[in-house]
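K.L.:
For the sequence shown, this note's numbering begins at 61 and goes up steadily by one. Even glycine gets a Cβ: it sits at the ideal position worked out from N, Cα and C. Predicted model only: the values in this text are computed from it and were never measured. Dropping the structure in here first, questions after.
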Amino acid sequence: MKKTLQMILLIAAGVAAGAYLHECQSPKPLQRPEAEGYPVIDTIPYYDTIPYYLPAAKQEVSLGTKITFLPVFIPRDSNNDVQNIPLICNNDVQNIPDSVAVEIPITQKEYEGAEYHAWVSGYEPSLDSIFVFPRHDVVTIREPPNKQKRWGIGVFAGYGMTPHGFQPCAGISINYNLWQF
Numbered sequence: 061m062k063k064t065l066q067m068i069l070l071i072a073a074g075v076a077a078g079a080y081l082h083e084c085q086s087p088k089p090l091q092r093p094e095a096e097g098y099p100v101i102d103t104i105p106y107y108d109t110i111p112y113y114l115p116a117a118k119q120e121v122s123l124g125t126k127i128t129f130l131p132v133f134i135p136r137d138s139n140n141d142v143q144n145i146p147l148i149c150n151n152d153v154q155n156i157p158d159s160v161a162v163e164i165p166i167t168q169k170e171y172e173g174a175e176y177h178a179w180v181s182g183y184e185p186s187l188d189s190i191f192v193f194p195r196h197d198v199v200t201i202r203e204p205p206n207k208q209k210r211w212g213i214g215v216f217a218g219y220g221m222t223p224h225g226f227q228p229c230a231g232i233s234i235n236y237n238l239w240q241f
């Protein structure tokens, strides 16, 4: 009875150790598809920087005009006297206007290239430079490694429990591989 209890405890300890070691070697949840035979797909995004310096306008469209008031520049001579200006009558400083209405043309220019399309509008608009950051994805598909089988049937030789107690023995066994090399 005592030997039977020892054998049961020894088998239970072996099963518990095997279950613990199997859990240590199990793949992580993120690696499950690879472990189940599915291909692994890695996607790595990267961004190129494409500079376009002084691009040429494709077309220009007039958007109308805008009337704005600009200050009048009054040139003075070295004596700080007002010079003759056509707007001034008889050098009368009181009749000089402080601003003048000016009509400014507003235009829109369209710029287009292989990787960009831009519109710029205003008074004499121009696009000095534009930087484009297109996204590229590098997709790598890897085949999963062949899954090694853990369970097997094999021949063993060693020291084991027999009907006559612990003795050297040999036989056929169902085994579980703890380590693979």
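1. Would the region 121-136 and the region 192-199 be scored as touching if the rule is three or more Cβ pairs under 8 Å?
2. Under three-state DSSP, which class holds G212?
3. Contact between the region 165-184 and the region 66-81: three or more CB pairs below 8 Å?
4. Decide if K169 is buried, meaning its Cβ has at least 16 other Cβ atoms within 10 Å, or exposed.
5. Check whether the Cβ atoms of Y98 and G173 lie closer than 7 Å to each other.
6. Per DSSP, what are the beta-bridge partners of Y183 in this structure?
7. Can you check which of these residues, Y107, I71 and P185, is closest to Q119 by C-alpha distance?
8. Determine the extent of the beta strand (DSSP E) in which T128 is found, giving its start and end residues.
9. Assign Y171 to one of two classes, buried (16 or more other C-beta atoms within 10 Å of its C-beta) or exposed (fewer than that).
10. Between the C-alpha atoms of D188 and A116, what's the straight-line distance to the nearest angstrom?
11. Who are V198's beta bridge partners in DSSP?
12. Taking the alpha-carbon of W211 as reference, which of T64, C229, I234 and T103 has the nearest alpha-carbon?
P.N.:
Answer, in terms of the structure:
1. no
2. For G212, the secondary structure class from DSSP, reduced to helix, strand or coil, is strand.
3. no
4. Buried, because 16 or more other Cβ atoms sit within 10 Å of the Cβ of K169.
5. Taking 7 Å as the Cβ cut-off, Y98 and G173 do not qualify as a contacting pair.
6. Answer by DSSP bridge pairing: none, since Y183 is not bridged.
7. P185 is the residue among Y107, I71 and P185 whose C-alpha sits nearest the C-alpha of Q119.
8. Q119 to P131
9. buried
10. 10 Å
11. V198 has I104 as its beta-bridge partners, per DSSP.
12. Checked all of T64, C229, I234 and T103; the closest Cα to W211 is I234.
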